[in-house]
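Take 33 as the starting number for the sequence shown in our numbering and just add one per residue. All C-beta atoms in this analysis are idealised placements derived from N, C-alpha and C, irrespective of residue type, glycine included. Here is the structure we will look at, set down as structure tokens.
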Amino acid sequence: MIRLGMLTPSSNTRLEPATAALLHDAPGITAHFSRFRVTEITLSAAGLGQFDEAPILSAAGFLADAKVDAIAWNGTSAAWLGFARDEALCARITDVTGIPAATAVLGFRDAFTRAGIRRVGLVTPYTGDVQARIQANWGAAGFDCTAERHCGLSDNFSFAEVPASEVAAMARAVAAEGAQAVAIVCTNMAGAAMAEELEAELGIPVFDSIAVTLWAALRAAGADPGRITGRGGLFRL
């Protein structure tokens with residue numbers, strides 16, 4: 033039995049059912065969730081302060097009580113705060129709990145590197161200033177995100193209400209601009225269920241944040257992500 037602990041934004045309604053769907057045909061792997069408060073995605077002091085270490089470590093401690101094999105931050109804050117933020121968070125989670133840790137954003141970096149992706153089609157629900165911060169951070173790491181689409185939203189709950197058809201249209205748009213892969217960056221947005229179908233249509237990988245977090249968590253736990261089948265090329269990396 034592999035137990036995966038997922039640190040979850042409080043207003044997120046997508047990641048738990050999507051993770052359950054991804055694990056539907058993977059017996060012996062279970063996901064367990066612990067929430068801390070996240071209600072807005074902005075660059076304001078209040079928005080950035082939601083990702084302070086203390087509440088995240090408290091939520092991680094509750095997951096440790098369930099004796100999970102890995103703890104993953106199932107959120108994308110380091111996309112605009114910087115990769116170093118999640119590197120430090122993973123180290124602290126492991127220091128405090130003794131459990132290996134992973135995150136969505138570090139998972140994206142690893143997946144891009146393993147797949148040889150340098151031109152990323154960035155799809156998010158975020159506002160323009162947050163999107164620009166992601167483009168700058170990822171660009172500095174060698175991932176060109178000039179092909180991008182975003183919805184201009186800041187209320188975290190609202191991200192889940194973006195129709196799947198709109199997300200798919202944004203993916204098609206960035207693919208048409210020459211992206212080598214589509215990155216759907218937000219764990220409260222439709223994407224995971226459509227990855228396999230979009231990949232067949234577009235001919236490039238489609239990496240959804242919820243799927244990337246699960247992929248990274250399985251690797252942190254020492255499990256084979258290939259146990260997840262029919263859910264996109266990510267799990268075949």
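Proximity winner among G254, F267, G171, V194, relative to P237 (alpha-carbon distances): F267
For D187, the three-state DSSP class (helix, strand or coil): strand
Which of helix, strand or coil DSSP assigns to L269: coil
Own chain residues within Cβ distance below 7 Å of A249, not counting five before or after: L36, A102, A104, A134
Helix, strand or coil at G60 according to DSSP, with G and I counted as helix: coil
Burial state of S66, where buried means 16 or more other Cβ atoms lie within 10 Å: buried
Check whether G160 and V199 have beta carbons under 7 Å apart: no
Expected contact under 8 Å - CB spacing of I260 and L54 to nearest Å: 6 Å
In chain order, each alpha helix (DSSP H) run of at least 4 residues that lies wholly inside the stretch 130-164: 136-147
Whole-Å CB distance - T129 paired with G93, under 8 Å assumed: 7 Å
The stretch 163-172 contacting the stretch 42-52, beta-carbon criterion three pairs below 8 Å: no
Selection from D176, S109, P257 that minimises the alpha carbon distance to A243: P257
C-alpha gap between G107 and T219, whole angstroms: 6 Å
Start and end residues, alpha helix (DSSP H) containing G81: 77-81
8 Å Cβ shell around V206 - same chain, five flanking residues per side excluded: G153, L154, V155, A179, E180, R181, V214
Sequence-distant residues of its chain with Cβ nearer than 6 Å to A255 (five each side left out): I34
Distance between D97 and G265 (C-alpha atoms, nearest Å): 33 Å
Exposure of D118, with buried meaning 16 or more beta-carbon neighbours within 10 Å: buried
Collapsed DSSP secondary structure at F175 in the structure displayed: coil
Residues near P132 by beta carbon distance below 7 Å, same chain, minus five either side: A102, T126, A252, A253
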